[in-house]
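Each residue of the sequence shown is one higher than the last, beginning at 171 in my numbering. Quick notes on the structure that follows.
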Amino acid sequence: MLALAALLTLVTPTQVWAHTSLTASAPANGQTVTAVNQLNLEFGAPLRLMSVSLKDDAGQDVALNFKRSNTAKARFVVPTNAPLAAASYQVFWMGMGDDGHKIEGNFSFIVNPTAVAVTTAPTTE
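Here's what the structure looks like:
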């Protein structure tokens, strides 16, 4: 009987629940940008985005035009209600995977309107 159970375990398909993660964002984690009027979040697999909140460096909530997602997708655009002022910001997000598990994370960025973009000149040899 034990051998039959072991055999059934080997031949019976099992579902593996893999949890997704944030694979990209704009602004990117740790990035300094000159202006922001929306947040772009990209996940490794579709999920339902349940909440997104934004806090400034004083810990104050910053208003976003976020609507909870009823359908699973991998990319989300969350507009800000107004362009963000110069400050450090932290984004907190929470989603629901297809398996019903809560997935959450955060990232931070800085808005500095006077930041100079760093570019690398092509080299010629």
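Using N, Cα and C, we set each Cβ at its ideal position, and we do this for glycine too. Quantities reported herein were computed from a predicted structural model and do not represent experimental measurements.
Run of the beta strand (DSSP E) containing residue i, from where it starts to where it stops
| i | result |
| --- | --- |
| residue 226 | 208–226 |
| residue 276 | 272–281 |
The ligand GDP heavy atom lying under 6 Å from the CB of residue i
| i | result |
| --- | --- |
| residue 243 | This structure lacks the ligand GDP, and indeed carries no ligand of any kind. |
Where residue i sits in the DSSP three-state scheme
| i | result |
| --- | --- |
| residue 198 | coil |
| residue 230 | coil |
| residue 253 | coil |
| residue 175 | A caution first: residue 175 carries a pLDDT of 45, below 50, which makes its placement in the model too unreliable to give a value. |
| residue 236 | coil |
| residue 293 | Only weak support is given to the placement of residue 293: the predicted model assigns it a pLDDT of 48, under 50, and the value that follows is read from those uncertain coordinates. It is coil, neither helix nor strand. |
| residue 244 | strand |
| residue 190 | coil |
Among the options, nearest to residue i - alpha-carbon criterion
| i | options | result |
| --- | --- | --- |
| residue 282 | 238, 254 and 272 | 254 |
| residue 256 | 219, 231, 279 and 264 | 279 |
| residue 244 | 199, 268 and 233 | 268 |
| residue 211 | 202, 205 and 275 | 275 |
| residue 193 | 246, 286, 221 and 258 | 246 |
Residue-chain proximity (residue i, chain D), Cβ-Cβ < 7 Å
| i | result |
| --- | --- |
| residue 263 | Going by chain labels, chain D is absent from the structure shown, which holds only one protein chain. |
Inter-residue CB distance, residue i and residue j (contact presumed, cutoff 8 Å)
| i | j | result |
| --- | --- | --- |
| residue 215 | residue 190 | 4 Å |
| residue 195 | residue 218 | So it is not a contact: roughly 18 Å between Cβ atoms. |
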